[in-house]
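In our numbering, the protein residues as written are 3 to 159.
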């Protein structure tokens, strides 16, 4: 975790906007991902759907009319779209994620026994890696129960 933070912070002095810093970090992550990498998340999904031969848009020369039979629909993504889509998902999910976590904390505060079970699971984790967090079944169950009780978290907070 510390290495990832250091990698982001080394560019912090060059970039004035937090959104640009985030975009730069996403672009860096995207660049270092390999197609068909074993970590499967949104970034990998978008990386796998990229067209490596994409070299920009072809401008069609026409006299004001577009010949619809000559249009080719490309279902792959341009490399820059990967960063844009990840940015959109992160920004769009921020509010609902924060509200879900706030509701989870509220539910746990009202159920000390469940809170203790979750703390035991958290304390048992040696380090907080992607794989270790995925293996935390009770945490996942708590989050899913919160979403079951409050399916659309945004309007409730």
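Even for Gly, the Cβ is constructed at its ideal location relative to N, Cα and C.
Please read these numbers as outputs of a predicted model, since none were measured by experiment.
Item                                                                                                       : Value
Cβ neighbours of residue 85 in the same chain (closer than 8 Å, five flanking residues each side left out) : 25, 28, 29 and 32
Alpha-carbon spacing of residue 51 relative to residue 19, whole angstroms                                 : 28 Å
Rounded separation between residue 92 and residue 114 - CA only                                            : 31 Å
Every unbroken alpha helix (DSSP H) inside the segment 95–130 [4 residues or more]                         : 114–126
Coil, strand or helix - residue 22 by DSSP                                                                 : helix
Start-to-end residues for the alpha helix (DSSP H) that takes in residue 133                               : 132–136
Reference residue 105, options 151, 34 and 43, closest by Cα                                               : 151
Rounded separation between residue 119 and residue 80 - CA only                                            : 45 Å
Separation of residue 149 from residue 231, as counted between CA atoms                                    : Outside the displayed span of the chain (3 to 159) sits residue 231, for which this structure offers no information.
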